[in-house]
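Visitor:
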Amino acid sequence: MPNFNVLNALLIALSEHIDKTDIELASQTLITIDQELKHWCESETPPQEKELLAIQAKILTATAKLKNARDKTQAELINQRKSHKAISKYQATKR
1212 MPNFNVLNAL LIALSEHIDK TDIELASQTL ITIDQELKHW CESETPPQEK
1262 ELLAIQAKIL TATAKLKNAR DKTQAELINQ RKSHKAISKY QATKR
């Protein structure tokens, strides 16, 4: 059970990094989660199915939040580019 607690703490940290949009720390945390999960699965007391399902659900939730944040940022960047182009065209007519 100690591995589940460690992974749970890492998943909470991952969620916090995503909420703060700290993508670098989120990426590092995902790598650590992967390593910890591999280590646990190869140990003498591998995880039970219910533990793996709980971890999988948390990872899916975190990655969905990350995808939503990325999509929102991309939409904002596109709108910003469109606005900049519109302003540039307007300024060009004033010259």
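Position one of the sequence shown corresponds to residue 1212 (our numbering), numbered consecutively onward.
We put the CB at the ideal spot given by N, CA and C, even for glycine.
#1: Where do the N-terminal and C-terminal ends of the alpha helix (DSSP H) with A1245 fall, by residue?
#2: Out of C1252, A1265 and K1261, point me to the one whose CA is closest to I1223's CA.
#3: Give the secondary structure of E1287 by DSSP, where H, G and I count as helix, E and B as strand, and everything else as coil.
#4: Which residues in the same chain as A1297 place their Cβ atom closer than 8 Å to its Cβ, once the five residues preceding and following it in sequence are excluded?
Guide: So, from the data block:
#1: Checking the sequence shown, residue 1245 turns out to be Asp, not Ala. It spans I1234 to C1252 - the alpha helix (DSSP H) in which D1245 sits, taken as one unbroken run.
#2: A1265
#3: E1287: helix per DSSP, three-state reduction.
#4: none
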